[in-house]
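Trainee: With our numbering as the guide, the letters of the sequence shown map in order to residues 44 to 209. Quick reminder that beta carbons are idealized off the backbone N, C-alpha and C, glycines included. What you are looking at is a predicted structure, and each value in this text was computed from that prediction instead of being measured. Take this structure first; my questions come after.
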Amino acid sequence: MPTVLIRHIHTLSTQNDAAREWRDAALFVRDGLIDWVGADADLPPALHSADEAIDGRDLLVVPGLVNTHHHMYQSLTRAIPSVQNAELFGWLRGLYPIWAGLTPEMIRVSTQVAMAELLLSGCTTSSDHLYIYPNGVRLDDSIEAAREIGMRFVATRGSMSVGQSQ
Numbered sequence: 044m045p046t047v048l049i050r051h052i053h054t055l056s057t058q059n060d061a062a063r064e065w066r067d068a069a070l071f072v073r074d075g076l077i078d079w080v081g082a083d084a085d086l087p088p089a090l091h092s093a094d095e096a097i098d099g100r101d102l103l104v105v106p107g108l109v110n111t112h113h114h115m116y117q118s119l120t121r122a123i124p125s126v127q128n129a130e131l132f133g134w135l136r137g138l139y140p141i142w143a144g145l146t147p148e149m150i151r152v153s154t155q156v157a158m159a160e161l162l163l164s165g166c167t168t169s170s171d172h173l174y175i176y177p178n179g180v181r182l183d184d185s186i187e188a189a190r191e192i193g194m195r196f197v198a199t200r201g202s203m204s205v206g207q208s209q
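Have a look at this one:
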């Protein structure tokens, strides 16, 4: 796996218990793991070169974000005009007939679309509450999609405990 060096980072925030932040920082990554972090001026000479070098002068570097609640298959239906302004149960009534047609491939694709969007916004770990299983859909379809895209993932089998009458 290549090494990555980000130098002269405008602001690096560790989000650790001490709330440590550096200005003009450096970050060295080896084998996909942070190997060294600190003030750019303190970067050890042995780490001054890497397979990939990034100028961080205009960057804010923070730890990856964690999304603890998602319904990834819904990325396929988020722009349906008839339910855009609906209350929860009207929204569900409008979408359940569409979701009844979901296939395993649709679950894989929607999971990868949702994960790509999350990764682009700085999220490195997510859960997915998949609660519908039509047409042979399995929780494994989401798990396989996560493996293919390489995102850290917690798959959960979601459910609803309150109906429209309540």
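(1) Can you grab the Cα-Cα spacing for the pair ALA129 / ILE123, in whole Å?
(2) If you draw a straight line from the alpha carbon of ARG73 to that of HIS114, how long is it in whole angstroms?
(3) Leaving out five residues on either side along the sequence, give the residues of the same chain with a beta carbon under 7 Å from the beta carbon of ARG151.
(4) Pick helix, strand or coil for ARG100, following the three-state DSSP scheme.
(5) Nearest chain C C-beta to ALA159 closer than 9 Å, yes or no?
(6) What does the alpha-carbon distance come out to for the pair LEU76 and GLN127?
(7) Hey, out of SER153, THR146, GLN117, MET149, whose CA is closest to GLY137's CA?
(8) Taking the straight line between their C-alpha atoms, what separation do you get for MET149 and ARG63?
(9) How would you label VAL109, buried or exposed, when you count the other beta carbons within 10 angstroms and need 16 or more for buried?
(10) Residues in its own chain within less than 6 Å of VAL80 by CB, not counting five upstream and five downstream?
(11) Quick one: residues in its chain with C-beta nearer than 8 Å to the C-beta of TYR174, no 5 flanking neighbours on either side, listed in chain order?
(12) Under the rule that 16 or more other beta-carbon atoms within 10 Å means buried, what is SER125, buried or exposed?
Mentor: The short version:
(1) Straight through space, the alpha carbons of ILE123 and ALA129 are spaced by roughly 11 Å.
(2) In this model, ARG73 and HIS114 are separated by some 33 Å (Cα to Cα).
(3) Apart from the 5 residues on each side of it in sequence, ARG151 sits with its Cβ closer than 7 Å to the Cβ of ASP184, GLU187, ALA188 in its chain, given in chain order.
(4) In the structure shown, ARG100 sits in coil (DSSP, three-state: anything other than H, G, I, E or B).
(5) This model lacks chain C altogether; it includes just one protein chain.
(6) Per the coordinates, the alpha-carbon of LEU76 lies some 41 Å from the alpha-carbon of GLN127.
(7) Per the Cα distances, GLN117.
(8) Going from the Cα of MET149 to the Cα of ARG63 covers about 43 Å.
(9) Exposed, since its Cβ has fewer than 16 Cβ neighbours within 10 Å.
(10) If we look at VAL80 and ignore the five residues flanking it on each side, its Cβ neighbours are LEU70.
(11) Cβ within range, chain order: HIS114, ARG200, GLY201, SER202, MET203.
(12) Exposed, because fewer than 16 other Cβ atoms sit within 10 Å of the Cβ of SER125.
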